[in-house]
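Participant:
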Amino acid sequence: MPFQRFVETGRVAVVSDGPSKGKLVTIVDVIDQTRVLVDGPSSGVPRGQIRLNQLHLTKFRLKFPFTAPTRVIRKVWTDSEVDKKWAESVWAKKVASKQKVTHF
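In full-length UniProt numbering, the protein residues as written are 1 to 104.
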């Protein structure tokens, strides 16, 4: 099975490190081989750059114009129901169950 999760514009990712840890973002633009421009319209993550080693790519991808503004990304995000699809995924259920079990 070929690799399906490419670093590309519109790819939804989970932030794995930093102040936005655990939040969903989408890649708006690739800056260079180690950094991308991200925006999290529903998770409250402001548009900004983040290192690729701080992201976990998901299988979800949004279609929007190159370097679209936040309002366009927010509309595409809500129309494609990314939050609902993420909540139904096995990955999100595992994260939720780990948070429920831990006492810290």
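Using N, Cα and C, we set each Cβ at its ideal position, and we do this for glycine too.
Quick caveat, the model's predicted, so the values are computed rather than measured.
Inspect the beta-carbon positions of residue 77 and residue 62 and report whether they are closer than 9 Å.
Facilitator: Working through the sequence shown from its first residue, we reach residue 77 at position 77. Working through the sequence shown from its first residue, we reach residue 62 at position 62. Going by C-beta atoms, residue 77 is nearer than 9 Å to residue 62.
Participant: May I ask you to report which of helix, strand or coil DSSP gives residue 4?
Facilitator: Within the sequence shown, numbered from 1, the residue matching residue 4 stands at position 4. Here residue 4 sits in coil by DSSP.
Participant: Taking only three categories from DSSP, how would you classify residue 17?
Facilitator: For this step, residue 17 is matched to residue 17 along the sequence shown. Looking at residue 17 - three-state DSSP - the assignment turns out to be coil, as it is neither helix nor strand.
Participant: Using 8 Å as the cut-off, can you tell me whether the region 25-34 makes contact with the region 89-100, which would need three or more C-beta pairs spanning the two stretches below that distance?
Facilitator: no
Participant: Please state whether DSSP places residue 75 in a helix, a strand or coil.
Facilitator: If you number the sequence shown from 1, residue 75 lands on position 75. Three-state result, residue 75: helix.
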